[in-house]
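Student: Each protein sequence line maps, in turn, to chains A and B.
Counting in the UniProt record's numbering, the first sequence runs from 1 upward without gaps.
Counting in the UniProt record's numbering, the second sequence runs from 1 upward without gaps.
Ideal Cβ placement from N, Cα and C applies to all residues, glycine included.
The structure presented is a predicted model; accordingly, all values stated were derived computationally and were not measured.
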Amino acid sequence: MIEFKDVTKTFTSKDGDLTAVSDVNLNIDDGEIYGIVGYSGAGKSTLTRMLNGLETPTSGEIDINGDQITALSGIELRKKRQKIGMIFQHFNLLWSRTVIQNIMFPLEVAGMSRKARQEKAQHLVDLVGLTGREHSYPSELSGGQKQRVGIARALANDPEILISDEATSALDPQTTDEVLDLLLEINKKMNLSIVLITHEMHAIRKICDHVAVMDDGKVVEQGTVFNVFRNPKQEITKRFVSEEVDPALTDTNRIVEDLIKSYPDGTIVQLVFHGDQAKLPIVSEMIHEFPKLQVSIIEGSIHQTQEGSIGSLYLQITGNKESMDGALDLLKKMRVETEVIHRD
Amino acid sequence: MTSGSYFAFKTVDWANMSAATWETIWMTIVSMIAVAILGVLLGLLLFETTASENIWVKVLNAVVSFLVNVFRSIPFIILIMLLLPITKNLVGTIIGPTAALPSLIVSAAPFYARMVELAFHEIDRGVIEAAESMGATGWQIVYKVLLPESMPALVSGATVTTISLIGYTAMAGAIGAGGLGNLAYIDGFQANNNTIVLVATVIIVIIVFAFQFIGDFLVRRIDKRTL
Chain A
1 MIEFKDVTKT FTSKDGDLTA VSDVNLNIDD GEIYGIVGYS GAGKSTLTRM
51 LNGLETPTSG EIDINGDQIT ALSGIELRKK RQKIGMIFQH FNLLWSRTVI
101 QNIMFPLEVA GMSRKARQEK AQHLVDLVGL TGREHSYPSE LSGGQKQRVG
151 IARALANDPE ILISDEATSA LDPQTTDEVL DLLLEINKKM NLSIVLITHE
201 MHAIRKICDH VAVMDDGKVV EQGTVFNVFR NPKQEITKRF VSEEVDPALT
251 DTNRIVEDLI KSYPDGTIVQ LVFHGDQAKL PIVSEMIHEF PKLQVSIIEG
301 SIHQTQEGSI GSLYLQITGN KESMDGALDL LKKMRVETEV IHRD
Chain B
1 MTSGSYFAFK TVDWANMSAA TWETIWMTIV SMIAVAILGV LLGLLLFETT
51 ASENIWVKVL NAVVSFLVNV FRSIPFIILI MLLLPITKNL VGTIIGPTAA
101 LPSLIVSAAP FYARMVELAF HEIDRGVIEA AESMGATGWQ IVYKVLLPES
151 MPALVSGATV TTISLIGYTA MAGAIGAGGL GNLAYIDGFQ ANNNTIVLVA
201 TVIIVIIVFA FQFIGDFLVR RIDKRTL
């Protein structure tokens, strides 16, 4: 359990004070993946750097499993840091060490014997899927492989929490997904809490349970990923969600306009799914019930979140008025959010 | 035999030449070992005291930095004279290879310290922070991160410093420190024997090349940043 209580961080400089984090209150439960999303400069990195004491809050208090981080110093703080794994955007591996030596670094810091270090590190190499690369140097690895080393290194001292500071931001989409899958796997396997900082809603949607949206040092919105995606309240959250749910939104509008021109007699509906409906054979049910309808899919995107599916589907339906009304009723009955975008 | 000829090899006393060569190599290596140790310590001190908020640390940094700059600016030949009394106290004599050591070390250590400081500054800040976030102590960061991660720069800096030290040993030789510089000056220049000067030059060039080769070789071996 991680608790932020009224945490504020102000940086003092010659050009005046800068409040990077302002009055943040957050509770992160054991074993969950908690996402913190925001644009750069929103204060999310500063917030997490206070978790392991790399920054100290100007006011407020941070507790990790009962230990008040802000009250620790010296050897106690270093001992606690060993239990807080961290992975970074630019991996921050030592180029002078091989994969396995990098993973052994935190074990050396913790004072583990050479033999035990070797065994532990080898186990971690296998866990992150780098078997066979243990004696490679970081410069011989791809970005995704480097981040796997970073993850193994962060897990070395069996941490209580894992902080991921923009860990996928330097990676291509496919590698991002692989790394996110690995984080999720680790979270499930070890019941390890993960704090995931990112500016990509994609990462949040894919693996997080809860999300906090940060803007200008404040947490402006928080809740389950599912609820925040389904019903974003703040303008900035809506922006993040729209980037993710429908990246081709403008494209779709254009297609819809074209279709209205090409098929002026058709009806165009948008179906929005949240949750279990996305698993039901809604469209085939509709065609089955109303065989006189012609249905074609214009555009669709369905995403899996940790709590269910969300997404939208654009359909063009042509047919007689009776069948059409019946179909729309059926959709309502199946509790699919339906919006008629154009009806002749 | 014409005096002034460059090629009167029969006039060369090879035993003397070989002894002088070993003196030069000895002075270079012994002073370089001391310079490497002192330089790394000074460089580390400069690095660790930069960008501190503490006023006393700032003062310490300013003082060390100033001394380093002063000793780096004194021409070597003048530094030898300046250090003569100290050398006499320390070594007991002002003649011979051992007597050259204090001034060689004092002149090259600040030079190397600046290179060390620079090498540490070139390490990615994120890597140091990663080590901190893993709970490493200050000393663990020094010997597990700073030193290994800057090793190629430390070695190439040491190579450059060693080569300028070879030049200094020759200069020190001219005023009595022994070695090839001394031989070239006494038996060559003063005796009007250019062959001795030429042979001493060639040997010095070979020594410089050898150190350069070893340095480059080591850097290539250590540097794993690009493979």
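So, for G137(A): in the same chain, excluding its five sequence neighbours on each side, which residues have a beta-carbon less than 7 Å away from its beta-carbon?
Tutor: Counting from one through the first sequence, the residue named residue 137(A) turns up at place 137. Correcting the residue type first, residue 137(A) is Tyr in the shown sequence and not Gly. Counting only Cβ-Cβ distances below 7 Å, and skipping sequence neighbours, we find W95, T98.
Student: Excluding five sequence neighbours on each side, which residues of the same chain lie with their C-beta closer than 7 Å to the C-beta of M104(A)?
Tutor: As a first step, residue 104(A) is located in the first sequence; it is residue number 104 there, counting from the start. Only R117, A121 meet the Cβ criterion.
Student: Only counting runs of 4 or more residues, tell me where the alpha helix (DSSP H) segments fall wholly within the region 124-197 of chain A, in order along the chain.
Tutor: Here the runs fully enclosed are 143-155, 173-190.
Student: Taking only three categories from DSSP, how would you classify K9(A)?
Tutor: Stepping through the first sequence from its first residue, residue 9(A) is reached at position 9. K9(A): strand per DSSP, three-state reduction.
Student: If you draw a straight line from the C-alpha of Q174(A) to the C-alpha of G326(A), how long is it?
Tutor: For the purposes of this step, residue 174(A) is identified with residue 174 of the first sequence, where counting begins at 1. For the purposes of this step, residue 326(A) is identified with residue 326 of the first sequence, where counting begins at 1. Answer to the nearest angstrom: the Cα atoms are 42 Å apart.
Student: I need the boundaries of the beta strand (DSSP E) containing T305(A), first residue and last residue.
Tutor: In the first sequence, the residue the question calls residue 305(A) occupies position 305. Segment 294-305, the beta strand (DSSP E) holding T305(A).
Student: If you check the beta carbons only, do V24(A) and V241(A) fall under 8 Å apart?
Tutor: Position 24 of the first sequence, counted from the start, is the residue given in the question as residue 24(A). Position 241 of the first sequence, counted from the start, is the residue given in the question as residue 241(A). Result no, Cβ atoms of V24(A) and V241(A) do not sit closer than 8 Å.
Student: Determine whether the beta carbon atoms of T11(B) and I166(B) lie at a separation below 8 Å.
Tutor: Counting from one through the second sequence, the residue named residue 11(B) turns up at place 11. Counting from one through the second sequence, the residue named residue 166(B) turns up at place 166. Cβ distance not < 8 Å, so T11(B) and I166(B) don't count as in contact.
Student: Would you say S105(A) lies against chain B (beta-carbon separation less than 8 Å)?
Tutor: For the purposes of this step, residue 105(A) is identified with residue 105 of the first sequence, where counting begins at 1. Note that residue 105(A) is Phe in the sequence shown here, rather than Ser. At least one chain B Cβ lies under 8 Å of F105(A).
Student: Thinking just about the alpha-carbon of each residue, which of I87(A), L107(A), D126(A) is nearest to the one in V127(B)?
Tutor: Along the second sequence, one-based indexing puts residue 127(B) at 127. Minimum Cα distance to V127(B) is reached at I87(A).
Student: CB-CB under 7 Å to A109(B), same chain, minus the five flanking residues each way: which ones, in chain order?
Tutor: The residue given as residue 109(B) occupies position 109 in the second sequence. These residues qualify, in order along the chain: V35, L38, G39, L42.
Student: Would you mind working out which of H303(A), G41(A), D30(A) sits nearest M214(A), comparing C-alpha positions?
Tutor: Along the first sequence, read from residue 1 onward, the residue named residue 214(A) stands at position 214. Ranking the options by Cα distance to M214(A), first place goes to G41(A).
Student: Looking only at its chain, what residues have a beta carbon closer than 7 Å to the beta carbon of G38(A), apart from the 5 residues adjacent to it on each side?
Tutor: One-based indexing of the first sequence puts residue 38(A) at position 38. Excluding sequence neighbours, G38(A) sits near K44, H199, V213, M214, D215.
Student: Return the CA-CA distance between S113(A) and L77(A), expressed in angstroms with no decimal places.
Tutor: Locating residue 113(A) in the first sequence gives position 113, counting from the first residue. Locating residue 77(A) in the first sequence gives position 77, counting from the first residue. Their backbone Cα atoms lie some 22 Å apart in a straight line.
Student: Taking only beta-carbon positions, decide if Q145(A) is within less than 8 Å of chain B.
Tutor: Working through the first sequence from its first residue, we reach residue 145(A) at position 145. No, no contact with chain B.
Student: Our contact map puts L180(A) next to K206(A) with C-beta atoms below 8 Å; I'd like the distance itself, whole angstroms only.
Tutor: As a position in the first sequence, residue 180(A) is number 180, starting the count at 1. As a position in the first sequence, residue 206(A) is number 206, starting the count at 1. Right, their Cβ atoms sit about 5 Å apart.
Student: With DSSP as the reference, label residue 345(A) as helix, strand or coil.
Tutor: Lying outside 1 to 344, the shown extent of chain A, residue 345(A) is not represented and no answer is given.
Student: Do L84(B) and A119(B) have their beta-carbon atoms positioned less than 8 Å apart in this structure?
Tutor: Working through the second sequence from its first residue, we reach residue 119(B) at position 119. Working through the second sequence from its first residue, we reach residue 84(B) at position 84. Contact: no.
Student: Applying a beta-carbon distance threshold of less than 8 Å, which residues of chain B neighbour N92(A)?
Tutor: Here residue 92(A) corresponds to residue number 92 of the first sequence, with the count starting at 1. By Cβ distance, chain B contributes D124, G126, V127, E129, A130.
Student: By the 8 Å beta-carbon criterion, what residues does the region 140-166 of chain B contribute toward chain A?
Tutor: The residues in question are Q140, K144, V145, P148, E149, M151.
Student: Do you know offhand how far A248(A)'s Cα is from F273(A)'s?
Tutor: Residue mapping note: residue 248(A) aligns to position 248 of the first sequence, counting from 1. Residue mapping note: residue 273(A) aligns to position 273 of the first sequence, counting from 1. At A248(A) the pLDDT is 48, less than 50, meaning the model places this residue with poor confidence; the figure from the coordinates comes in the next sentence. Roughly 17 Å separates the two Cα atoms.
Student: How is S133(B) classed by DSSP in three states: helix, strand or coil?
Tutor: As a first step, residue 133(B) must be located in the second sequence, where it is residue number 133. Note: S133(B) maps to helix in three-state DSSP.
Student: Quick one: which residues of the region 44-74 of chain A get their C-beta closer than 8 Å to a C-beta of chain B? List them in chain order.
Tutor: Flagged, chain order: N52, L54.
Student: Can at least three beta-carbon pairs, one atom from the region 155-163 of chain B and one from the region 310-326 of chain A, be found at a separation below 8 Å?
Tutor: Flag = no, the region 155-163 of chain B and the region 310-326 of chain A do not touch.
Student: From G85(A), N52(A), Q89(A), pick the residue whose C-alpha is nearest to that of L72(A); which is it?
Tutor: Locating residue 72(A) in the first sequence gives position 72, counting from the first residue. Closest option to L72(A), Cα to Cα, is N52(A).
Student: By the 10 Å Cβ neighbour count, where 16 or more other Cβ atoms means buried, how is Q316(A) classified, buried or exposed?
Tutor: Working through the first sequence from its first residue, we reach residue 316(A) at position 316. Label assigned to Q316(A): buried.
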